[in-house]
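Colleague: In the numbering used here, the protein residues as written are 370 to 730. Ideal placement from N, C-alpha and C gives every residue a C-beta, glycine not left out.
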């Protein structure tokens, strides 16, 4: 995302480029379950990790050959204390969520306390650092804050959706890994088709409409799956995947474009990086929360019989994430939100001017 943001400086071109990137995400969503299922069935589960080596090597070579250099005028210093605090915050929080169904209360309180202490320390330390890991002034921009919350919510919904769908298809419907991947194709296809459309709409009309479409579709998909029974009609199942693919296809372009809108060019890459980190964080938390909810509801009885009832609250969480996308998209894409982005950009630019003056002096 930072590469796209620095390469495409025109807002319309950037929105279309992000839409193209989203289409590639749709292809990966289609290829991932299919290729993964094929590898698991033919080679074994370890192969899904080994396949990342040639993919990573190809990405490295293509980056060296085709991605233009984009260095800042002044190199930023690392923030090791901020990095440690962020790792402690999200690592302990994720662990506490995952272990919540089975761990003793004292252990959960310990890791919850570590997460809280790390958050307080991060909020106190970062504003005092000249070159912080996370510039908290960014969050004075309502569009940026909204993009961060939207990214966490949308990708939490994605993580939970894929986790629940995989278990449902394989353990309730009895499909093998390959055929479970085939069932994911409608979702991936809609994501592939809708992502470029979302990029064009963001470039011409702004982020509000794509965010509203994404929020409504993802919420509807979660509600539909929450009403499922073990023997659900195939048409209903496909409809649920189509709705989620529609919603997720429309959400990526407005997230990144909104995060960097109005930011000074020197800060746009950092803003895009925060949005990308929010995506990863959301997916991690989504799997952790949904997994914990599911684990607490599945007992020693028949897994197939217990899964549908145990998964129902988790599907409502997915629907709730979609609702957050809808509400936040509505609130942070209006005139008031744009004014906060303009004020934030002015403060950031004035800070850059003061720093540059100090360097010259």
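(1) What would DSSP say about residue 703, mapped onto helix, strand or coil?
(2) Between 609, 547, 638, which lies nearest to residue 413 when the distance is taken from Cα to Cα?
(3) Could you have a look at residue 378 and say whether DSSP puts it in helix, strand or coil?
(4) With DSSP as the reference, label residue 504 as helix, strand or coil.
(5) Figure out for me which residue from 451, 715, 513, 688 has the closest Cα to the Cα of residue 612.
(6) Of all the options 634, 562, 480, 589, which has the alpha carbon lying nearest to the alpha carbon of residue 622?
(7) Any idea if residue 316 is buried or exposed, counting beta-carbon neighbours within 10 angstroms, 16 or more meaning buried?
(8) What does a CB cutoff of less than 8 Å around residue 466 pick up in its chain, not counting 5 residues either side in sequence?
(9) Taking just the CA atoms, how far does residue 450 sit from residue 690?
(10) Measuring CB to CB, does residue 695 end up less than 8 Å from residue 588?
(11) Judging by CA-CA distance, which residue of 637, 626, 593, 609 is the nearest neighbour of residue 504?
(12) Give the straight-line distance between the Cα atoms of residue 729 and residue 459, rounded to the nearest whole angstrom.
(13) Taking its Cβ as the centre, do 16 or more other Cβ atoms sit within 10 Å of residue 705, making it buried, or is it exposed?
(14) Does DSSP put residue 558 in a helix, in a strand, or in coil?
(15) Can you tell me the Cα-Cα spacing of residue 590 and residue 555, whole angstroms?
(16) Does the beta-carbon distance from residue 647 to residue 512 come in below 8 Å?
(17) What separation, rounded to the nearest whole angstrom, lies between the Cα atoms of residue 375 and residue 634?
(18) According to DSSP, is residue 438 helix, strand or coil?
(19) Taking C-alpha atoms, which residue in 531, 491, 425, 518 lies nearest to residue 609?
(20) What are the boundary residues of the alpha helix (DSSP H) that residue 597 is part of?
(21) How big is the Cα-Cα spacing for residue 617 and residue 526?
(22) Classify residue 435: buried if its beta carbon has 16 or more other beta carbons within 10 angstroms, exposed otherwise.
(23) What separation, rounded to the nearest whole angstrom, lies between the Cα atoms of residue 550 and residue 417?
(24) Could you tell me the boundaries of the alpha helix (DSSP H) in which residue 652 lies?
(25) Under a three-way DSSP split, which group does residue 722 fall into?
(26) Could you say which of 639, 714, 592, 716 lies nearest to residue 684 if we only look at CA atoms?
(27) Express the C-alpha separation of residue 572 and residue 382 in angstroms, rounding to a whole number.
(28) How is the alpha helix (DSSP H) around residue 419 delimited, first residue to last?
(29) Can the beta-carbon of residue 583 be found less than 8 Å from the beta-carbon of residue 619?
(30) In terms of residues, what are the limits of the alpha helix (DSSP H) holding residue 471?
(31) In or out: residue 378 buried (at least 16 other Cβ within 10 Å) or exposed?
(32) Please report how far the alpha carbon of residue 430 lies from the alpha carbon of residue 389, in whole angstroms.
(33) In terms of residues, what are the limits of the alpha helix (DSSP H) holding residue 551?
(34) Measure from the alpha carbon of residue 710 to the alpha carbon of each residue in 652, 456, 510, 488, then state which is nearest.
(35) Within 10 angstroms of its Cβ, does residue 462 collect 16 or more other Cβ (buried), or is it exposed?
(36) Kindly give me the distance between the Cβ atoms of residue 405 and residue 581, rounded to whole angstroms, as I take these residues to be in contact under 8 Å.
Modeller: Reading from the atomic positions:
(1) What you label residue 703 is simply residue 334 of the chain shown in a count that begins at 1. Coil.
(2) Against the chain shown, residue 413 aligns to sequence position 44. Nearest C-alpha to residue 413: 547.
(3) Here residue 378 refers to the residue found at position 9 when the chain shown is read from its first residue. Note: residue 378 maps to coil in three-state DSSP.
(4) Within the chain shown, residue 504 is the residue found at index 135, counting from 1. Residue state, collapsed to three classes: coil.
(5) Taking the first residue of the chain shown as 1, we reach residue 612 at position 243. The residue with the shortest Cα to Cα distance from residue 612 is 688.
(6) Working through the chain shown from its first residue, we reach residue 622 at position 253. Nearest option by C-alpha distance: 562.
(7) There is no way to answer for residue 316, as the model of the chain reaches only from 370 to 730.
(8) Residue 466 sits at position 97 when you count from the first residue of the chain shown. The residues are 654, 657, 658, 661.
(9) Position 321 of the chain shown, counted from the start, is the residue given in the question as residue 690. Position 81 of the chain shown, counted from the start, is the residue given in the question as residue 450. If you draw a straight line from the Cα of residue 690 to the Cα of residue 450, it is about 31 Å long.
(10) Residue mapping note: residue 695 aligns to position 326 of the chain shown, counting from 1. Residue mapping note: residue 588 aligns to position 219 of the chain shown, counting from 1. Cβ distance < 8 Å, so residue 695 and residue 588 count as in contact.
(11) Along the chain shown, read from residue 1 onward, the residue named residue 504 stands at position 135. Closest option to residue 504, Cα to Cα, is 637.
(12) Within the chain shown, residue 729 is the residue found at index 360, counting from 1. Within the chain shown, residue 459 is the residue found at index 90, counting from 1. With a pLDDT of only 44 at residue 729, under 50, the local geometry of the prediction cannot be trusted, and the value read off the model is given with reservation. Those two C-alpha atoms are separated by around 39 Å.
(13) Here residue 705 refers to the residue found at position 336 of the chain shown. Counting Cβ neighbours within 10 Å, residue 705 comes out exposed, since fewer than 16 surround it.
(14) One-based indexing of the chain shown puts residue 558 at position 189. If DSSP states are grouped into helix, strand and coil, residue 558 belongs with the helices.
(15) On the chain shown, residue 590 is found 221 positions in, with the first residue counted as 1. On the chain shown, residue 555 is found 186 positions in, with the first residue counted as 1. Approximately 13 Å between the Cα atoms of the pair.
(16) The residue given as residue 647 occupies position 278 in the chain shown. The residue given as residue 512 occupies position 143 in the chain shown. No, the Cβ-Cβ distance between residue 647 and residue 512 is not below 8 Å.
(17) Looking up residue 375 in the chain shown gives position 6. Looking up residue 634 in the chain shown gives position 265. For residue 375 and residue 634, the distance between alpha carbons rounds to 8 Å.
(18) Here residue 438 corresponds to residue number 69 of the chain shown, with the count starting at 1. Of the three classes helix, strand and coil, the one that applies to residue 438 here is coil, per DSSP.
(19) Counting from one through the chain shown, the residue named residue 609 turns up at place 240. Of the listed residues, the one whose Cα sits closest to residue 609 is 531.
(20) For this step, residue 597 is matched to residue 228 along the chain shown. Residue 597 -> no alpha helix (DSSP H), and no H or E assigned at all.
(21) As a working note, residue 617 is residue 248 in the chain shown. As a working note, residue 526 is residue 157 in the chain shown. Each residue's Cα considered, the two are about 9 Å apart.
(22) If you number the chain shown from 1, residue 435 lands on position 66. Exposed, because fewer than 16 other Cβ atoms sit within 10 Å of the Cβ of residue 435.
(23) Locating residue 550 in the chain shown gives position 181, counting from the first residue. Locating residue 417 in the chain shown gives position 48, counting from the first residue. Using only the alpha carbons, I get a separation of about 14 Å.
(24) Counting from one through the chain shown, the residue named residue 652 turns up at place 283. Start and end: 634–666.
(25) If you number the chain shown from 1, residue 722 lands on position 353. Residue confidence is low: residue 722 scores 47 on pLDDT, short of 50, so the model does not pin down where it sits. No coordinate-derived value is stated.
(26) Indexing the chain shown from 1 puts residue 684 at position 315. Selected option, being the one with the closest Cα: 592.
(27) Counting from 1 along the chain shown, the entry for residue 382 is found at position 13. Counting from 1 along the chain shown, the entry for residue 572 is found at position 203. Answer to the nearest angstrom: the Cα atoms are 7 Å apart.
(28) Taking the first residue of the chain shown as position 1, residue 419 is located at position 50. Where residue 419 is concerned, the enclosing alpha helix (DSSP H) stretches over 416–419.
(29) Walking along the chain shown from the start, residue 583 turns up at place 214. Walking along the chain shown from the start, residue 619 turns up at place 250. Yes.
(30) Taking the chain shown and counting its residues from 1, one reaches residue 471 at position 102. For residue 471, there is no enclosing alpha helix (DSSP H), as DSSP gives it neither H nor E.
(31) Taking the chain shown and counting its residues from 1, the one referred to as residue 378 is at position 9. That one is exposed.
(32) In the chain shown, residue 430 corresponds to position 61, counting from 1. In the chain shown, residue 389 corresponds to position 20, counting from 1. About 21 Å.
(33) Position 182 of the chain shown, counted from the start, is the residue given in the question as residue 551. Taken as a continuous stretch (DSSP letters only), the alpha helix (DSSP H) holding residue 551 covers 546–552.
(34) The residue given as residue 710 occupies position 341 in the chain shown. The shortest Cα separation from residue 710 among 652, 456, 510, 488 belongs to 510.
(35) Here residue 462 corresponds to residue number 93 of the chain shown, with the count starting at 1. So residue 462 ends up on the buried side.
(36) To locate residue 405, count along the chain shown from 1; it is residue 36. To locate residue 581, count along the chain shown from 1; it is residue 212. Not really, about 33 Å apart at Cβ, beyond 8 Å.
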